[in-house]
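Going by this note's numbering, the sequence shown opens with residue 317, and the numbers climb by one from there.
The structure appears right after this line, and notes come after that.
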Amino acid sequence: MLDMVGISYVTDAAILLIYAYAGTTTFTIAGAYGVCGLLSVALFIAISEASLTDRFRDHYFVTQQSIISLTIMLAFLYIAPEVGCLFLCSILLVFTFAALRSTPRQTVIGWSAAAIGLAILFLFTDKPIGMPHETPLERLATLLVFVLVLGRGMIVGLFSSSLHESLYRRGLELKEAYKRIEELAELDELTGSLNRRSIMQTLNDEIVRARRSNMPCAIALIDLDWFKRINDQFGHPVGDEALRAFAITVFANIRSIDKFGRYGGEEFLLILPETSDSAALRTVERLRKIVASLDWSAISQNMTVTMSAGLTALRPDDTADSILARSDRLLYQAKDLGRNQVVSA
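This is the structure in structure tokens:
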């Protein structure tokens, strides 16, 4: 923004030089205007680079920049009214630039300052505000005033449009990031399955839905057999890889409506909505056989992994705690019976 303001001052100073060549004003006015404008820009660049604005709510000093620019314009409008049209147009540009970052309060302050300054100039002085057009060179310079003001105004508009587009894209990126954060908050980082909090919330939701729709629902509490031995014998990285492979296998062999989550450690919870007792048993038994038949030696030589499961169906008076307690008892029965099997209520 400060670069654009600086270029604007240089542009106006160049037009003033044309007026000076035409004899409308003096070269001193053109030089003094350019120097004052660039010094004000340099001042705010120095303040910004020194991070002096960070302590203030308005990091851009919009009000201060607007007032100083307005003061420069009004001063030169008073000193050189013969080319007043240039300074009046530049005042419009000052507030066009300021509008990009102004708050409602800053807008009111800037408008009030401009109104008071112009009122004093027009009502309490007799300065003739000129729009030179007597000679061809003056007409050229005046043409440049209006054409370049319009051009700079359109550049500010394009800059504003790019800001809006940037904010829109940033908003989309933030939405995607927020969505990703939500996903990470719901998923177990290691296996990609639902974490304990999410799977428990899902279980409560499925219990409510099953009762409302009067549809069956089954859950299986699954445990990988002798998993501590796997970690001790092959190491925890291999154990982690085994958990990931197990989760991928389950996801590949369940329906989209089924819910699968890590209950804790090597224990997992599988929810089978709209599934009868016999269909649930077939599903979990099929998973057991698939897991047992996998080539686990691809992860580590001589490694085998099996699973045990306690399977139960939802009862009319069940809560999440009661159905989990029942599944847990059945899981321990499966372990007592030798593991690598499914025990169903």
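Yeah, the Cβ is synthetic: ideal placement off N, Cα and C, and Gly gets one too.
Identity of the residues DSSP links to residue i by a beta bridge
i, result
"M623", "L540"
"F360", "Per DSSP, none; premise fails for F360."
"L510", "L503, G577"
Whole-angstrom distance between residue j and residue i, CA atom to CA atom
i, j, result
"A527", "A561", "It is worth fixing the name first, because residue 527 is Arg in this sequence and not Ala. If you take the alpha carbons of R527 and A561, they lie about 34 angstroms apart."
"G626", "I497", "33 angstroms"
"L740", "K605", "In this structure the chain extends from 317 to 661, so residue 740 is not present and cannot be described."
"I345", "I471", "27 angstroms"
"S364", "I425", "22 angstroms"
"T379", "S476", "19 angstroms"
"E492", "I436", "54 angstroms"
"G446", "V351", "23 angstroms"
"A348", "R455", "23 angstroms"
"D374", "Y494", "28 angstroms"
"T620", "D633", "39 angstroms"
"S529", "S609", "37 angstroms"
"L510", "S592", "23 angstroms"
"E450", "G487", "53 angstroms"
"K575", "E583", "14 angstroms"
"A501", "T423", "43 angstroms"
"D539", "S643", "11 angstroms"
"T635", "L519", "9 angstroms"
"T342", "A396", "9 angstroms"
"L630", "E481", "52 angstroms"
"F360", "Q381", "8 angstroms"
Minimum C-alpha distance to residue i - residue among the options
i, options, result
"T340", "G353, A536, P553, E398", "E398"
"Q649", "T628, T387, D633, V607", "T628"
"I331", "L408, I546, I383, L453", "L453"
"L647", "N547, D541, V554", "D541"
"R602", "D611, G581, S624, E481", "S624"
"M516", "A596, D328, R578", "R578"
"G508", "Y349, A563, D521", "A563"
"I573", "R631, I535, D548", "I535"
"N618", "T565, I546, R655", "I546"
"G400", "T412, A457, Q422", "A457"
"V304", "G347, L354, I334, I395", "The requested residue 304 does not occur in the structure, where the chain is confined to residues 317 to 661."
"G555", "I587, L506, E590", "L506"
"I334", "I383, L416, L459, T518", "L459"
"V465", "D442, F413, G433", "F413"
"R655", "A661, R631, T622", "T622"
"I388", "D370, L439, F343, Y325", "Y325"
"D319", "A358, A338, R513", "A358"
"L585", "R513, Q549, A558", "R513"
"L434", "L386, V461, R421", "L386"
"D328", "D652, V463, H552", "V463"
"Q657", "L640, L630, L404, L597", "L597"
"L408", "L390, T419, R421, P420", "L390"
"W612", "A641, A661, A558", "A558"
Residue i in three-state terms, based on DSSP
i, result
"P632", "coil"
"Y376", "coil"
"S660", "strand"
"R578", "strand"
"A366", "coil"
"L390", "helix"
"E583", "strand"
"I445", "coil"
"P553", "helix"
"I535", "strand"
"L588", "strand"
"N520", "helix"
"G339", "coil"
"S616", "coil"
"R655", "coil"
"M470", "helix"
"M317", "coil"
"F562", "helix"
"I383", "helix"
"S572", "coil"
"T458", "helix"
Curious, which full-length alpha helix (DSSP H) runs of at least 4 residues does the region 394 to 424 contain?
Counting only runs of 4 or more, we get 400 to 415.
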